[in-house]
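Novice: Pasting a structure below so you can have a look.
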Amino acid sequence: MTMDKTFNAAEAEARIYEAWEEAGAFEAGANATPGAESFSIMIPPPNVTGSLHMGHAFNNTLQDILVRWHRMRGHDTLWQPGQDHAGIATQMVVERQLAEEGKRRTDFTREEFLKKVWAWKTRSGGTIINQLKRLGASCDWSRNAFTMSGAPGAPAHEDGNFHDAVIRVFVEMYDKGLIYRGKRLVNWDPHFETAISDLEVENVEVPGYMWHFKYPLAGGETYTYVERDAEGTVVLEEERDFISIATTRPETMLGDGAVAVSPEDERYAPLVGKLCEIPVGPKEHRRLIPIITDEYPDPGFGSGAVKITGAHDFNDYEVAKRSGIPMYRLMDTRACMRNDGAPYAEAAARAQAIAEGADFTIEEVDSLNLVPDHLRGLDRLEAREKVVAEVTADGLAMMTRADDPRLGKAAQQPSAPEEGGEAPGLDLVPLVEAKPLMQPFGDRSKVVIEPMLTDQWFVDTSQIVGPALEAVRSGEVTILPEQDAKVYFHWLENIEPWCISRQLWWGHQIPVWYDDEGNQFCATTEADAQAQAGNKTLTRDPDVLDTWFSSGLWPIGTLGWPEDTEELRRYFPTSVLITGFDIIFFWVARMMMMQYAIVGQKPFSHVYVHALVRDEKGKKMSKSLGNVLDPLDLIDEYGADAVRFTLTAMAAMGRDLKLSKDRIAGYRNFTTKLWNAARFAEMNEATHRPGAIPAPQATVNKWIIGETAKTRVAVDTALENFRFNDAANTLYSFVWGTVCDWYVEFSKPLLMDGDAATKIETQATMAWVIDQCLILLHPIMPFVTEELWGTLGDRQKMLVHADWPGYGEDLIDADADREMNWVIALIDQIRSARAQMHVPAGLHVPLLVTDLSAAGRAAYARNEAMIQRLARIRGLSDVRLFPKGCVTVAVEGGSFGLPLADIIDVDAEKARLEKTLAKLEKELRGLRGRLDNPRFVESAPADVVAETRENLALREEEETKLRAALQRLAGLA
RNA sequence: GGGUGAUUAGCUCAGUGGUAGAGCGCUUCGUUCACAUCGAAGAUGUCGGAGGUUCAAAUCCUUCAUCACCCACCA
């Protein structure tokens, strides 16, 4: 049979993958030798809403390499796949579909809605699995897991333990006091109307406004306001009856609890302890708030005085907690001004009493509705406009935004421009907006997040962070690259409570019930809760858990915990976690904390953190930029092997990966190269034969076996150290540079013209070498190697289960190594020499090189056929030093002298040789300088000194030859 | 503001103390005999700047410059 000239990836990949699956090749423990150590990897579960992007392709390629490598080594291997239910993302997909039908989530009951989500999950949730298969991922799909399996309402085929595990963990942690509910300031997403964690928001700077307002002092009191410049010179001195406040969020003024100034700020020192009036709301009910000191205000920024609105700002929240200032909540969960209909006047009066020293609880304060009637129910931004308009109308605005150039209006005078104050206009103001939960989920809600005082559930992370830190510090768990360990430490050392409740429907509902008095009953089932509560009527907490709470249990949950399963015993703790740096906090740190908290063991021994895949210009791939490379398109175009090899070869630790199609095309060519090497072997009957490693006689065959052994050692070392790019590059240069460029060429005279014994041993050697290439490449390029494996022989096992070799340095024949290096150098030299000459067509002229040593002549004799073929010479007579004047050219029936000047450009050749000589002399000076330095000879390692001496000798010999050649050349001119 | 990393050939990047590398691109040449998704030859570098440690520095230290990312953000 004749092989095609190229590998038909499109045709073969699906067929091969199917064959692997049919053979159960990926099942846990497949190809394991009895008693072998185990190797397990948990896939970072992609969102069910996800489709494969380059990040997944990269991440899963690296995992697949390790898994295939260990499986071939006979380890008891498991690659556990699964998907994450991805709370917000999934709910959003289904809500969007409903919106297309003109419906909303709230048009349905919770049960009805969840049924729709499950239906969607069943229909579309498997997309990414098929995409991972196209990549060649060798997961044990029979064990596919889902972070919501077994949840109430799940269809029958979604049974499983995950929900039970999650609920059980919650209850255990609740009982241990690791989980609590409390009223805290959290990030609120007004679009999805749910709390989100600090990690899920992104700080962005957008142009905005800074308003400066006057807060009048109580009772019309006045003081002398003095402002100095850096040298202490007074730049402004005036009587004032107000304190100036700068704010970007005027709508929160009604919730102010105090005005804070720095204790060092002399301008306001006389005011500390006094009261000032919030200049908004009905005049008869304006509240007076205290002026306090706190370290937080920066005297150099704004006016130096800050309004403290504890319920709507994180910094203010801290100040308020420190100073015991009430936090008045102004907005409801849609980020609209609160609209509960309570009388404003009473609330304002109560708030005033609190401000003046009355005792209060946070619930009391929170229950006050400090929003005046005309602002109630307004969107926060509408309310902002109205507040600004009112304050301005009262003449209490020191600056307005009327001069915003973007509004296209003529500049207007601010109502009361302040001498020496900041120029009115645009300031950069930090806002907060929602960011995608996980790459590549690009559809962020993009709304401005509102800090909101709400009741939420928290994990008291301070109690469980210890072991997670200690494990990495002690080396029990290693994080690579090291800089990511630093990031991990920094975050965990400063960890905040983890808000785990979300006001969504899709997720694990919190297993807590309340009676009418608000008492909590936490239990795994409603019946248990009811048993605790006696005959009280219970209502379940409607919130669900943060998706990361359940994915934090991924290592044990996928292995069947809380049951004591065989899988847990075999595969837990897992071996390696391979993940992107973007989820170190979200996921890696949480898994560490949770696994230690629940089962008291590490979740994994090694964490390998890889970088981001970017476009060829280094930009993040994003839909909006239109620079997304779809891995499936690339697989269609170049084949999965080429895509995988590209990602692997570029996976230098800790650096972003800039992907270009040129690079992929280059590695696609590599698969073709491999294919054709195999094709050559097949044409020459140099294909698989069972048995041991060949023990050939010919130098070249001995040599290639040693080269193969070097490669095997290098590949294993690279993979052991997660140096994926080293493994790929080693194999690339071995297969292309060593096997194809040299060994295959060397083999041709032996296979075609050699004696029978040499031919047979060369066939056997080549067959073995090609097999080794396939084995060693298989983890990176599984498809083309499996295909060739099947083509080149009748095998007992598929390549996916072939035995990984263990041979090493002992296969290296030092003599063969030396001799082949010499042969290669000679051929290079002859080829180079030929390129410098203008050989007249049809003539065969000697090639002008530097002279050969006696040892060289002997080595030449032993490898004559190969050298003659590759260097295209007829014999050593074709290789000589520049002769005097003429070269002798043999023609039919005699010979004649051809002037050297006719076939070489004497001047150019001279220049070239001189340049080479100059380089050589520079090197010689360096080498001699070192050896002449007694301190080098004393302090440098002996092998380095010996190597330097050896080098010097070689260079000196070269120099001699080069000078001789130059001399001859000079004789020509 | 704090942290981390980067700066090496025209481009994209490897290279953690011992003679500066790869891929792509470029120039010239070459298709009967595995592969034109190929082969051969060739050009291209004060390894960001400046100091220091060392027998020896792209590599370690200090410092400066520029860029990137992460965290926290001044109301």
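Numbering (our numbering), first residue to last: 1088 to 2060.
Idealized CB from N, CA, C, for every residue including glycine.
None of these values were measured; they are calculated from a predicted model.
Does the separation of the CB atoms of V1800 and L1863 fall below 8 Å?
Specialist: Stepping through the first sequence from its first residue, residue 1800 is reached at position 713. Stepping through the first sequence from its first residue, residue 1863 is reached at position 776. Cβ atoms of V1800 and L1863: not closer than 8 Å.
Novice: Can you give the Cα-Cα distance for T1666 and R1336, rounded to whole angstroms?
Specialist: Here residue 1666 refers to the residue found at position 579 when the first sequence is read from its first residue. Here residue 1336 refers to the residue found at position 249 when the first sequence is read from its first residue. Each residue's alpha carbon lies about 39 Å from the other.
Novice: Please report the distance separating the alpha-carbon of P1168 from that of G1213.
Specialist: Here residue 1168 refers to the residue found at position 81 of the first sequence. Here residue 1213 refers to the residue found at position 126 of the first sequence. Rounded to whole angstroms, P1168 to G1213 spans 12 Å at the Cα level.
Novice: Since V1631 contacts G1174 with CB under 8 Å, what's their CB separation in whole angstroms?
Specialist: Taking the first sequence and counting its residues from 1, one reaches residue 1631 at position 544. Taking the first sequence and counting its residues from 1, one reaches residue 1174 at position 87. The pair is a contact, with the Cβ atoms about 7 Å apart (cut-off 8 Å).
Novice: Using the DSSP secondary-structure output, state which residues sit across from A1347 in a beta bridge.
Specialist: The residue given as residue 1347 occupies position 260 in the first sequence. Note: A1347 sits in a beta bridge opposite I1379, V1393.
Novice: Hey, could you find the ends of the alpha helix (DSSP H) Y1683 is sitting in?
Specialist: Your numbering for residue 1683 matches position 596 in the first sequence. Y1683 -> alpha helix (DSSP H) spans 1677-1685.
Novice: Would you give the residue range spanned by the beta strand (DSSP E) that P1538 belongs to?
Specialist: Within the first sequence, numbered from 1, the residue matching residue 1538 stands at position 451. 1537-1546 is the span of the beta strand (DSSP E), which, as asked, contains P1538.
Novice: Does D2061 come out as helix, strand or coil in the three-state DSSP assignment?
Specialist: Look at the range of the chain in this structure, 1088 to 2060, and you will see that residue 2061 is not part of it.
Novice: Just confirm the distance between the C-beta atoms of I1899 and K1797, as a whole number of angstroms; I'd bet it's less than 8 Å.
Specialist: Here residue 1899 is taken as the residue at index 812 of the first sequence, counted from 1. Here residue 1797 is taken as the residue at index 710 of the first sequence, counted from 1. Confirmed, Cβ separation roughly 7 Å.
Novice: Please tell me whether W1909 and A1946 are closer than 8 Å, where the distance is taken between their beta carbons.
Specialist: Counting from 1 along the first sequence, the entry for residue 1909 is found at position 822. Counting from 1 along the first sequence, the entry for residue 1946 is found at position 859. The answer is yes: Cβ separation under 8 Å.
Novice: I'd like to confirm something about A1282: is its beta-carbon nearer than 7 Å to some heavy atom of the ligand ATP, or not?
Specialist: With respect to the ligand ATP, the structure offers nothing, as it holds no ligand at all.
Novice: Can you tell me whether W1600 is helix, strand or coil according to DSSP?
Specialist: The residue labelled residue 1600 in the question sits at position 513 within the first sequence. In the structure shown, W1600 sits in a strand (DSSP, three-state: E or B).
Novice: Determine contact between the region 1217-1237 and the region 1182-1197, defined as no fewer than three beta-carbon pairs at a distance below 8 Å.
Specialist: The region 1217-1237 vs the region 1182-1197: no contact.
Novice: Have a look at A1503 and M1485 and give me their C-alpha separation to the nearest angstrom.
Specialist: Translated into positions along the first sequence, residue 1503 becomes position 416. Translated into positions along the first sequence, residue 1485 becomes position 398. The pLDDT assigned to A1503 is 32, lower than 50, so where the model puts this residue is not dependable, and the model offers no usable value.
Novice: Does DSSP classify V1359 as helix, strand or coil?
Specialist: Taking the first sequence and counting its residues from 1, one reaches residue 1359 at position 272. Three-state DSSP puts V1359 in coil, outside helix and strand.
Novice: Would you list the residues sitting across from L1165 in a DSSP beta bridge?
Specialist: Working through the first sequence from its first residue, we reach residue 1165 at position 78. Paired residues: S1127.
Novice: Going by CA-CA distance only, name the one from E1314, D1328, F1329 that's closest to V1322.
Specialist: By one-based count along the first sequence, residue 1322 stands at place 235. Of the listed residues, the one whose Cα sits closest to V1322 is E1314.
Novice: Using the Cα positions of Q1682 and L2018, report the straight-line distance between them to the nearest angstrom.
Specialist: Reading the first sequence from its first residue, position 595 is the one you call residue 1682. Reading the first sequence from its first residue, position 931 is the one you call residue 2018. Computed Cα separation, rounded: 58 Å.
Novice: From what residue to what residue does the alpha helix (DSSP H) around H1577 run?
Specialist: Taking the first sequence and counting its residues from 1, one reaches residue 1577 at position 490. Taken as a continuous stretch (DSSP letters only), the alpha helix (DSSP H) holding H1577 covers 1569-1580.
Novice: Check this for me: beta carbons of D1728 and F1821, under 8 Å apart or not?
Specialist: In the first sequence, the residue the question calls residue 1728 occupies position 641. In the first sequence, the residue the question calls residue 1821 occupies position 734. Going by C-beta atoms, D1728 is not nearer than 8 Å to F1821.
Novice: Hey, out of T1759, L1222, R1755, whose CA is closest to S1138's CA?
Specialist: Residue mapping note: residue 1138 aligns to position 51 of the first sequence, counting from 1. If we check each option's Cα against that of S1138, L1222 comes out closest.
Novice: Pick from R1210, L1149, G1397: whose alpha carbon is nearest that of R1271?
Specialist: Counting from 1 along the first sequence, the entry for residue 1271 is found at position 184. Ranking the options by Cα distance to R1271, first place goes to G1397.
Novice: Could you check which residue in A1110, R2022, M1678 has the C-alpha nearest to that of P1554?
Specialist: Counted from its first residue, the first sequence places residue 1554 at position 467. Per the Cα distances, M1678.
Novice: Looking at I1867 and I1917, is the spacing between their C-beta atoms short of 8 Å?
Specialist: Numbered from 1 along the first sequence, position 830 holds the residue referred to as residue 1917. Numbered from 1 along the first sequence, position 780 holds the residue referred to as residue 1867. It is not a contact, given that the beta carbons lie outside the stated cut-off.
Novice: Indicate whether L1640 and V1458 have their beta-carbon atoms separated by less than 8 Å.
Specialist: Counting from 1 along the first sequence, the entry for residue 1640 is found at position 553. Counting from 1 along the first sequence, the entry for residue 1458 is found at position 371. Going by C-beta atoms, L1640 is not nearer than 8 Å to V1458.
Novice: With a CB to CB cut of under 7 Å and the five nearest residues on each side skipped, what residues in its chain are close to Y1267?
Specialist: Counting from 1 along the first sequence, the entry for residue 1267 is found at position 180. These residues qualify, in order along the chain: F1545, D1547.
Novice: Rounded C-beta distance between V1700 and L1664? I'm assuming under 8 Å.
Specialist: Walking along the first sequence from the start, residue 1700 turns up at place 613. Walking along the first sequence from the start, residue 1664 turns up at place 577. Between V1700 and L1664 the beta-carbon gap is near 19 Å, outside 8 Å, which marks them as no contact.
Novice: Just how far apart, CA to CA, sit R1437 and D1419?
Specialist: Looking up residue 1437 in the first sequence gives position 350. Looking up residue 1419 in the first sequence gives position 332. Computed Cα separation, rounded: 20 Å.
Novice: I need the boundaries of the alpha helix (DSSP H) containing F1145, first residue and last residue.
Specialist: As a first step, residue 1145 must be located in the first sequence, where it is residue number 58. 1141-1159 is the span of the alpha helix (DSSP H), which, as asked, contains F1145.
Novice: So, under 8 Å CB-CB, V1696 and L1567 are touching, yes? Tell me the CB distance rounded to an integer number of Å.
Specialist: Taking the first residue of the first sequence as 1, we reach residue 1696 at position 609. Taking the first residue of the first sequence as 1, we reach residue 1567 at position 480. Contact holds; Cβ gap of about 7 Å.
Novice: Quick check: A1232 and T1645, are their CB atoms within less than 8 Å of each other?
Specialist: Position 145 of the first sequence holds residue 1232. Position 558 of the first sequence holds residue 1645. In this structure, A1232 lies near T1645, with their beta-carbon atoms less than 8 Å apart.
Novice: Are V1288 and M1539 closer than 8 Å when you measure CB to CB?
Specialist: Position 201 of the first sequence, counted from the first residue, corresponds to residue 1288. Position 452 of the first sequence, counted from the first residue, corresponds to residue 1539. No, they are not a contact pair.
Novice: Quick check on the burial criterion: 16 or more other C-beta atoms within 10 angstroms. Buried or exposed for E1098?
Specialist: As a first step, residue 1098 is located in the first sequence; it is residue number 11 there, counting from the start. Looking at its Cβ environment, which holds fewer than 16 other Cβ atoms inside 10 Å, E1098 is exposed.
Novice: Helix, strand or coil: which one does DSSP assign to D1091?
Specialist: Within the first sequence, numbered from 1, the residue matching residue 1091 stands at position 4. D1091: coil per DSSP, three-state reduction.
Novice: Identify, in the order they occur along the chain, each residue of the same chain with its Cβ nearer than 6 Å to the Cβ of D1171, setting aside the five sequence neighbours on each side.
Specialist: Along the first sequence, one-based indexing puts residue 1171 at 84. Take D1171, set aside five residues on each side of it, and the residues of its chain with a beta-carbon closer than 6 Å to its own are P1132, N1134, T1234, S1638, in chain order.
Novice: By DSSP's criteria, R1315 is part of a beta bridge. Which residues make up the other side?
Specialist: Position 228 of the first sequence, counted from the start, is the residue given in the question as residue 1315. V1321.
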